[in-house]
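Peer 1: First the structure, which I've put down as structure tokens, then a few questions once you've had a look.
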Amino acid sequence: MDSISAAQAREMMVYVADVIVESKELLCEADRNIGDGDHGIGMAAGLDRCREELRAREFTDVYDVFSTSGRTMIRTMGGASGIIFGMLFYAGSRNMPPQSEIGVSEFSCMFEKALAEIQAKGHAEVGDKTVVDALHPMVVSLRHSSESALPFKEALRRAYLAAEEGKEASKHYVAKFGKTKTLGERAIGFPDAGAVSLSLIAKAMSDWAEMVQHG
Amino acid sequence: MKKLINDPRNVVRQTFEGFVAMHKGLFRLLDEVNVVVKSRLDPGKVGLVIGGGSGHEPMFLEFIGEGFADAVCQGNIFAAPPPDVILAATKAADRGHGVLYVYGNYAGDNLNFDMAAEMAEMDGIRTATVRVMDDVASAPPERATDRRGIAGDFYVIKIAGAACDAGLDLDEVRRITEKAGNNTRTMGVALSPGTIPGISKPTFELPDDEIEIGMGLHGEPGVRRGPMEPADALVDNLIELIAADLPLKSGDEVCVLVNGFGSTTRMELLICMRRALERLDQLGIKVYDAQAGDYATCQEMAGASISLLRLDSELRRYYDHPAWSPAFSTRR
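Quick mapping for you: the protein sequence lines, in order, are chains B and D. Going by numbering that gives the first Met the number 0, 17 is the number at position 18 of the first sequence; the sequence numbering is gapless. Going by numbering that gives the first Met the number 0, 107 is the number at position 108 of the second sequence; the sequence numbering is gapless.
Okay, structure coming up:
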């Protein structure tokens with residue numbers, strides 16, 4: 000698999016939504032350790048709405064799938080995660096010329112733009128205990144896969160491993176943003192809930208590619 | 000936790016519906032978004048939009064009215080409203096003279112209100128923003144812009160509403176509102192946690208015989224955990240922390256708010272008020288006005304906060320400006 004079509008992108012995003020909706024409790028728990036415990040509620044509700052929008056019609060443009068997903072999350076979720084996770088899909092797909100399929104290179108570009116937008120809005124760097132801890136290594140990995148011309152499935156697998164590693168690393172950080180900020184050293188040992196979500200999203204995309212390959 | 004709710008997914012909408020229905024005709028609820036707007040908006044004035052996460056009622060919902068907010072928008076429990084919801088409130092409140100946003104300084108609120116402001120600008124509506132950062136416990140003075148907004152929201156909203164009602168332009172309304180924010184400080188003490196509707200676990204854990212000074216309205220950790228103490232000792236501690244931070248000096252004049260977090264009895268609030276006034280008097284601080292009640296809550300969380308607004312002649316004038324909202328009205 001060297002590219003994904005609009006129909007496949009939709010299938011992948013619906014699968015991502017399924018996984019996040021099922022992980023609601025896990026995400027709340029991750030947030031409760033060092034925050035207010037509602038991260039899973041917002042994420043599950045947002046991706047549930049996103050899934051509805053994606054199922055409501057057919058898509059011929061891959062970017063339309065991602066921008067519809069992201070815009071729906073921004074419009075319906077609220078909270079910091081509404082903007083951040085909405086922008087994850089929306090920042091790199093809005094106003095793009097329609098494409099019936101995209102390769103790893105375009106996919107990588109999309110997340111590179113997302114990272115830039117999220118950092119511009121939130122001013123977070125790696126090590127601040129935010130979603131950036133997992134997103135930054137994921138983007139680096141995707142860029143590398145694109146440069147090495149790796150197939151989609153392998154690029155997604157490596158992107159997930161990079162995001163997962165970044166999420167694990169976030170355990171060692173003291174938070175600089177959000178409601179966890181005031182915890183100081185007490186936050187050490189727990190991953191950032193946003194990084195947990197991002198790692199789950201990356202895993203779902205990779206698992207989806209695995210299933211397509213074998214299915 | 001037992002709660003008088005229906006489907007947890009509908010709590011915010013049903014709260015708004017109850018509020019609007021109760022105040023027959025005074026306010027209207029927008030379709031599909033959790034926004035209430037005053038039914039009658041005086042022309043020629045800057046609009047005031049306030050909002051934030053739900054679950055802190057009467058904040059923000061019930062601080063709408065004459066000399067208060069023109070529109071209120073709320074997100075889910077403890078979550079900022081999405082930009083589209085804020086934009087709907089902005090459009091409803093705008094009368095061609097721009098809109099002031101007043102909200103608590105949280106990452107989620109900042110992101111969503113900023114995006115709404117960009118969208119409003121594209122629609123030709125000018126906005127200005129004042130973020131409330133009164134919570135002394137949430138960051139040291141050198142990082143005051145990292146501080147959260149809690150019960151002190153009330154004072155900043157009161158002054159903003161008065162400035163809008165007085166017919167000032169957007170820049171002037173923002174200047175006065177910022178001044179109110181710069182002179183507002185809050186410190187709280189938490190006794191026991193609240194719970195989010197539909198979630199069984201409380202937002203934090205605190206042993207029965209312990210308190211936490213400075214805990215946030217969502218259970219964010221505070222500055223000190225310690226054994227339970229008599230009300231007077233705790234109130235003295237809170238006043239001391241606020242006075243050192245402002246800093247207050249003998250002869251200053253303040254308004255005092257003793258705010259309950261949700262399940263604190265009025266009896267306790269008045270006992271705290273008694274000591275707060277006594278202590279301020281000892282420090283030579285003049286009290287211009289004092290209020291006790293539930294202003295910014297966190298579900299059934301127990302505990303209280305003390306907020307002080309330091310006045311000068313300008314802020315006193317806007318504080319005195321006649322105002323009415325379901326949650327607060329000026330004395331006749």
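The beta carbon of each residue, even a glycine, is placed where N, CA and C say it ideally should be.
Taking Cβ positions, are residue 103/D and residue 148/D nearer each other than 8 Å?
Peer 2: If you number the second sequence from 1, residue 103/D lands on position 104. If you number the second sequence from 1, residue 148/D lands on position 149. Contact: yes.
Peer 1: Starting from the beta carbon of residue 182/B, find every residue of chain D whose beta carbon is closer than 7 Å, and list them in chain order.
Peer 2: Here the question's residue 182/B lines up with position 183 in the first sequence. Near residue 182/B (Cβ distances below 7 Å), the residues of chain D are 220.
Peer 1: To the nearest angstrom, how far is it from the Cα of residue 318/D to the Cα of residue 105/D?
Peer 2: Reading the second sequence from its first residue, position 319 is the one you call residue 318/D. Reading the second sequence from its first residue, position 106 is the one you call residue 105/D. Distance between the alpha carbons of residue 318/D and residue 105/D: 25 Å.
Peer 1: Report the residues of the region 125–144 of chain D with a CB closer than 7 Å to any CB of chain B, ordered along the chain.
Peer 2: Answer set for the region 125–144 of chain D: 137.
Peer 1: Using 8 Å as the threshold, is the C-beta distance between residue 261/D and residue 193/D below it?
Peer 2: Position 262 of the second sequence, counted from the start, is the residue given in the question as residue 261/D. Position 194 of the second sequence, counted from the start, is the residue given in the question as residue 193/D. In this structure, residue 193/D lies closer than 8 Å to residue 261/D by Cβ.
Peer 1: Between residue 82/D and chain B, is any beta-carbon pair separated by less than 8 Å?
Peer 2: For this step, residue 82/D is matched to residue 83 along the second sequence. Chain B, which has a Cβ nearer than 8 Å to the Cβ of residue 82/D, makes this yes.
Peer 1: Tell me whether residue 188/B is buried or exposed, calling it buried when 16 or more other Cβ atoms sit within 10 Å of its Cβ.
Peer 2: Residue mapping note: residue 188/B aligns to position 189 of the first sequence, counting from 1. Flag for residue 188/B reads exposed.
Peer 1: Taking the alpha carbon of residue 104/B as the reference point, which residue from 112/B, 130/B, 87/B and 141/B has its own alpha carbon closest?
Peer 2: Taking the first residue of the first sequence as position 1, residue 104/B is located at position 105. Answer by Cα proximity: 141/B.
Peer 1: Ignore the nearest five residues each way along the sequence and tell me which others in residue 235/D's own chain have a CB closer than 8 Å to its CB.
Peer 2: Counting from 1 along the second sequence, the entry for residue 235/D is found at position 236. Excluding positions up to five away in sequence, the list reads 274 and 278.
Peer 1: With a threshold of 16 other CB atoms inside 10 Å of the CB of residue 251/D, please say whether the residue is buried or exposed.
Peer 2: Indexing the second sequence from 1 puts residue 251/D at position 252. The residue is buried, with at least 16 neighbouring Cβ atoms inside 10 Å.
Peer 1: Looking at chain C, which residues of the region 112–125 of chain D have a Cβ within less than 8 Å of any of its Cβ atoms?
Peer 2: Judged by its chain identifiers, the structure shown contains no chain C, and its protein chains are B and D.
Peer 1: Whole angstroms is fine: what's the gap from residue 254/B's alpha carbon to residue 36/B's?
Peer 2: Absent from the structure is residue 254/B, since the part of chain B shown begins at 0 and ends at 214.
Peer 1: Buried or exposed for residue 157/D, going by 16 or more other Cβ atoms inside 10 Å?
Peer 2: As a working mapping, residue 157/D is identified with position 158 in the second sequence. When all chains shown are included, residue 157/D counts as buried.
Peer 1: With 16 other CB atoms within 10 Å as the buried threshold, where does residue 119/B fall?
Peer 2: For this step, residue 119/B is matched to residue 120 along the first sequence. Classification of residue 119/B: exposed, given that the 10 Å Cβ count is below 16.
Peer 1: Can residue 137/B and residue 161/B be called in contact, C-beta distance under 8 Å?
Peer 2: If you number the first sequence from 1, residue 137/B lands on position 138. If you number the first sequence from 1, residue 161/B lands on position 162. The answer is yes: Cβ separation under 8 Å.
Peer 1: Among 69/B, 73/B and 139/B, which residue has its Cα nearest to the Cα of residue 89/B?
Peer 2: Here residue 89/B corresponds to residue number 90 of the first sequence, with the count starting at 1. Closest option to residue 89/B, Cα to Cα, is 69/B.
Peer 1: Going along chain D in order, which residues have a C-beta closer than 7 Å to the C-beta of residue 120/B?
Peer 2: Counted from its first residue, the first sequence places residue 120/B at position 121. Those within 7 Å of residue 120/B in chain D are 110.
Peer 1: Report the rounded CA-to-CA distance for residue 160/D versus residue 142/D, giving the unit in angstroms.
Peer 2: What you label residue 160/D is simply residue 161 of the second sequence in a count that begins at 1. What you label residue 142/D is simply residue 143 of the second sequence in a count that begins at 1. Straight-line Cα distance between these residues: approximately 27 Å.
Peer 1: Determine whether the beta carbon atoms of residue 83/D and residue 74/B lie at a separation below 8 Å.
Peer 2: In the second sequence, counting from the first residue as 1, residue 83/D sits at position 84. In the first sequence, counting from the first residue as 1, residue 74/B sits at position 75. Against a cut-off of 8 Å, the Cβ pair of residue 74/B and residue 83/D comes out as a contact.
Peer 1: Would you decide whether residue 199/D is buried or exposed? Buried here means 16 or more other CB atoms lie within 10 Å of its CB.
Peer 2: Within the second sequence, the letter at position 200 stands for residue 199/D. Exposed, by the Cβ-count rule.
Peer 1: Count the other CB atoms, across all protein chains shown, that sit within 10 Å of the CB of residue 37/D; report buried if there are 16 or more and exposed otherwise.
Peer 2: For the purposes of this step, residue 37/D is taken as residue 38 along the second sequence, with counting starting at 1. Buried, by the Cβ-count rule.
Peer 1: Would a C-beta distance cut-off of 8 Å place residue 205/B and residue 100/B closer than the cut-off?
Peer 2: Within the first sequence, the letter at position 206 stands for residue 205/B. Within the first sequence, the letter at position 101 stands for residue 100/B. For residue 205/B and residue 100/B, no; Cβs fall outside 8 Å.
Peer 1: On the DSSP bridge assignment, give the partners of residue 209/D in chain order.
Peer 2: The sequence position of residue 209/D within the second sequence is 210, counting from 1. In DSSP, residue 209/D forms a bridge with 226/D.
Peer 1: May I have the straight-line CA-CA distance separating residue 192/B from residue 138/D, to the nearest angstrom?
Peer 2: Position 193 of the first sequence, counting from 1, holds the residue named residue 192/B. Position 139 of the second sequence, counting from 1, holds the residue named residue 138/D. In a straight line, the C-alpha of residue 192/B is about 22 Å away from that of residue 138/D.
Peer 1: Taking the C-alpha atoms as reference points, what is the distance between residue 59/B and residue 2/D?
Peer 2: In the first sequence, residue 59/B corresponds to position 60, counting from 1. In the second sequence, residue 2/D corresponds to position 3, counting from 1. Approximately 47 Å, taken between the alpha carbons.
Peer 1: Who are the neighbours of residue 31/B on chain D, taking C-beta pairs under 7 Å?
Peer 2: The sequence position of residue 31/B within the first sequence is 32, counting from 1. Under the 7 Å cutoff, chain D gives 200.
Peer 1: Check each residue of the region 73–103 of chain B: if its Cβ is closer than 8 Å to any Cβ of chain D, include it; give the result in chain order.
Peer 2: Cβ contacts with chain D come from 73, 74, 75, 76, 77, 78, 79, 80, 81, 82 and 83.
Peer 1: Beta strand (DSSP E) containing residue 55/B: first to last residue?
Peer 2: Within the first sequence, residue 55/B is the residue found at index 56, counting from 1. Run containing residue 55/B: none; DSSP gives neither H nor E here.
Peer 1: Using beta carbons (cut-off 8 Å, strictly below), is residue 156/B in contact with chain D?
Peer 2: Taking the first sequence and counting its residues from 1, the one referred to as residue 156/B is at position 157. It does not: the Cβ of residue 156/B has no partner Cβ on chain D nearer than 8 Å.
Peer 1: Kindly indicate which three-state DSSP category residue 204/D falls into: helix, strand or coil?
Peer 2: Sequence index remark: in the second sequence, residue 204/D carries index 205 (1-based). Correct three-state label for residue 204/D: coil.
Peer 1: Round the Cβ separation of residue 163/D and residue 44/D to the nearest angstrom and send it over; I've been treating them as touching at under 8 Å.
Peer 2: One-based indexing of the second sequence puts residue 163/D at position 164. One-based indexing of the second sequence puts residue 44/D at position 45. The pair is a contact, with the Cβ atoms about 6 Å apart (cut-off 8 Å).
Peer 1: Buried or exposed for residue 207/B, please, with buried defined as at least 16 other CB atoms from any protein chain shown within 10 angstroms of its CB.
Peer 2: For the purposes of this step, residue 207/B is identified with residue 208 of the first sequence, where counting begins at 1. Per the 10 Å Cβ criterion, buried.
Peer 1: Buried or exposed: which applies to residue 20/D, given that a residue is buried once 16 or more other Cβ atoms fall within 10 Å of its Cβ?
Peer 2: Counted from its first residue, the second sequence places residue 20/D at position 21. So residue 20/D ends up on the exposed side.
Peer 1: Using the three-state DSSP reduction, which class does residue 300/D fall into: helix, strand or coil?
Peer 2: Locating residue 300/D in the second sequence gives position 301, where the first residue counts as 1. Looking at residue 300/D - three-state DSSP - the assignment turns out to be strand.
Peer 1: Measuring only between beta-carbons, confirm whether residue 36/B sits less than 8 Å from chain D.
Peer 2: Here residue 36/B refers to the residue found at position 37 when the first sequence is read from its first residue. By this cut-off, residue 36/B is an interface position.
Peer 1: By the 8 Å beta-carbon criterion, what residues does the region 45–79 of chain D contribute toward chain B?
Peer 2: The region 45–79 of chain D vs chain B, Cβ under 8 Å: 52, 74, 75, 76, 77, 78 and 79.
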